[in-house]
Structure formats: structure tokens, C-alpha cells
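Numbering of the sequence shown is given in the working numbering, commencing with residue 547 and proceeding in unit increments. Read the structure below first, then the notes.
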Amino acid sequence: MAARSNVWMIDKMEYYLTNDLKATNEEIAYLKELCQIKTKDRGIPKKRPNVRLPSTILDNFLYHGDLGHARNYNLLQEIGIKHILNVSDIELDNEIRDNFNVLWINIGDELGVKDRGIPKKRPNVRLPSTILDNFLYHGDLGHARNYNLLQEIGIKHILNVSDIELDNEIRDNFNVLWINIGDELGVTIENYFEQTNKFLRLCQNKNEKVLVHCQMGISRSSSIILAYLITYHFETLSDAYDHLVNCRRVAAPNFGFFLQLIRYEKLLRENKDK
Numbered sequence: 547m548a549a550r551s552n553v554w555m556i557d558k559m560e561y562y563l564t565n566d567l568k569a570t571n572e573e574i575a576y577l578k579e580l581c582q583i584k585t586k587d588r589g590i591p592k593k594r595p596n597v598r599l600p601s602t603i604l605d606n607f608l609y610h611g612d613l614g615h616a617r618n619y620n621l622l623q624e625i626g627i628k629h630i631l632n633v634s635d636i637e638l639d640n641e642i643r644d645n646f647n648v649l650w651i652n653i654g655d656e657l658g659v660k661d662r663g664i665p666k667k668r669p670n671v672r673l674p675s676t677i678l679d680n681f682l683y684h685g686d687l688g689h690a691r692n693y694n695l696l697q698e699i700g701i702k703h704i705l706n707v708s709d710i711e712l713d714n715e716i717r718d719n720f721n722v723l724w725i726n727i728g729d730e731l732g733v734t735i736e737n738y739f740e741q742t743n744k745f746l747r748l749c750q751n752k753n754e755k756v757l758v759h760c761q762m763g764i765s766r767s768s769s770i771i772l773a774y775l776i777t778y779h780f781e782t783l784s785d786a787y788d789h790l791v792n793c794r795r796v797a798a799p800n801f802g803f804f805l806q807l808i809r810y811e812k813l814l815r816e817n818k819d820k
């Protein structure tokens, strides 16, 4: 329903999009197509270059995975999982417990190690979304302010795409790049794509984890992540956004940011063809 509402909003805002943001008919049509991605069938995509699947132990019955698999609601639905046996000291989120038959065996995996840094029970802790395994995490301001959570996940770098500066404790203990922008349609977020791509690429080349966030983890941070994905990991903005929504269902750049991403995708394609 939300995506259909977004298409309706595009129709209502067409004058502003064409006159103020100089959107072409082709760009508006693509924008509508992107908005429809959130309502498409979330079956297993034909192309999943950055999604890890659990191992098949016995065909159509027994699958073996990790905590990331067990927390990925969409992936579990796609595979057809009905039951989960959680053998760890970390409780699964309410969304998973409410939708699957879960047996929790609450034990650790220590050999004389007392403090693993991860609380044994985390029923009320929201985790950022994993976009690229062991590298790119997508969250909100609450995640970026949670020092203990960042340490537990192993975050080394933070890309703050909001108009709210992080506290001294976070800035002193993590490598923070702050892109101080608002979430308005007229903000030229594309001016920062080169800088943020370079920052994220350096983190990935160092095999270090980075959290990208804005205030709600919906628009600004999604735009920055999409710019990176279409530069290094996906051929099209449509494929990149499909992957992003699979990982973080609330991801939705505002229409102005989407238009800039559409133009950025075109620029990348033109440069590639030269």
C-alpha cells in the first residue's frame, strides 16, 4: 500500500518534479518503477551476488546457518523455513519468534572465556540491518549512539548522514565521517557520492565494518548506500534497491534523492561505456 501511495504522490508532485527538479518523463517513469519495488513478490531473486545462504544438510529439510541467517526474515521466508533451532546465548528478535516455531537452547561456546562482549539475552535490542556481510551495516541514530552495540558488532567506522552530530564518546572511539545534510527534496546529496564512496571503499578494502546511518535509517542513509552499491556491486539502481529492501524494508530515499540516484546511475553507465 505504501509504494502505491508513493506512486500516487509522484503523480500529485509531477509539476514540482518536472519544473523545480527538472525531472524528465523517463525519470518520472523510472521513479514510479522504483517505488513499486517495495510491493513486489519477495521470492528468491534471480540474482543475489551479496546474499549468503545457509548450507543444505538434508535436501528440503535441514539447513545449517548462523545468527545472521536466523535474523533475516525475508531470507527465511524465501527458503520456506518453518522452524528454527537456536543454539546460542543470543535470543532472536520478536519478529522471528512471532513468525516461526523457535526452540532456543541458551548456551555459550566458551573454553574458559568469561566475557565475549555480547549480552546473553537481548530481547529488546534493535540491531542495524546487514547490507553486505561483515562489512556494511545500515541503521539509525539510535544505533550510532549505542557504544556497546557498536563494539559488540565490531564496527570501526561510522558514516553519519544527518544534521545531528554524534556525541564525543562515539567520535573519540570510532572513525566518523559526518555528512551534515537534511532530508529535503531539494538537497543535493549527489555532491557527496564521490566522498562517501571513497570512504566506504576504503573500509571494505581494509575488511573493516562500517555503519551508515541517518536519523531514521530510511532516506538519507539509503541514498548513500545505494550510490555505493551501484558503483561497486550492482549493475542497476533497480537491482541495488531490490537488494536493499530485502535487507532493510524501511529503506526509501525521498523523491529528490531518487532522481539524483537515477542520474548518477546514468552517469556511471555512460562512463563505463567510454
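Where a beta carbon is used, it is the ideal one built from N, C-alpha and C, also for glycine.
### Message
For a cutoff of 7 Å on Cβ pairs, would you count G728 as touching chain B?
### Response
Looking for chain B here will not work: only one protein chain is present.
### Task
Within its chain, find whatever has a CB closer than 7 Å to the CB of L613; leave out the 5 residues flanking it on each side and keep chain order.
Indexing the sequence shown from 1 puts residue 613 at position 67. Hits under 7 Å: S634, I636.
### Task
Output the distance between the C-alpha atoms of E730 and Y774, rounded to the nearest integer angstrom.
Looking up residue 730 in the sequence shown gives position 184. Looking up residue 774 in the sequence shown gives position 228. So the two alpha carbons sit approximately 21 Å from each other.
### Proximal residues to C760 (C-beta, below 6 Å), its chain only, five neighbours per side dropped
Counting from 1 along the sequence shown, the entry for residue 760 is found at position 214. Correct list, in chain order: V707, S708, R766, S767.
### Message
Given a cut-off of 7 Å on the beta-carbon distance, is the pair V758 and I776 in contact?
### Response
As a first step, residue 758 must be located in the sequence shown, where it is residue number 212. As a first step, residue 776 must be located in the sequence shown, where it is residue number 230. Cβ distance not < 7 Å, so V758 and I776 don't count as in contact.
### Query
Starting from T602 and walking both ways along the beta strand (DSSP E), at which residues does that stretch end?
Here residue 602 refers to the residue found at position 56 of the sequence shown. First-last of the beta strand (DSSP E) with T602: 601-604.
### Message
Please state whether the Cβ-Cβ distance between Y810 and I583 is less than 7 Å.
### Response
What you label residue 810 is simply residue 264 of the sequence shown in a count that begins at 1. What you label residue 583 is simply residue 37 of the sequence shown in a count that begins at 1. Their beta carbons are not under 7 Å apart, which means Y810 does not touch I583 by this criterion.
#### Entry: Check whether L805 and A569 have beta carbons under 7 Å apart
Sequence index remark: in the sequence shown, residue 805 carries index 259 (1-based). Sequence index remark: in the sequence shown, residue 569 carries index 23 (1-based). The answer is yes: Cβ separation under 7 Å.
### Message
Would you call the region 729-745 in contact with the region 675-687, where contact means no fewer than 3 C-beta pairs closer than 8 Å?
### Response
no
### Task
Determine the extent of the beta strand (DSSP E) in which Y609 is found, giving its start and end residues.
The sequence position of residue 609 within the sequence shown is 63, counting from 1. Its beta strand (DSSP E) spans residues 608-610.
### Query
If you drop the 5 nearest sequence neighbours on each side, which residues of the same chain put their C-beta closer than 7 Å to that of E715?
In the sequence shown, residue 715 corresponds to position 169, counting from 1. Hits under 7 Å: Y693.
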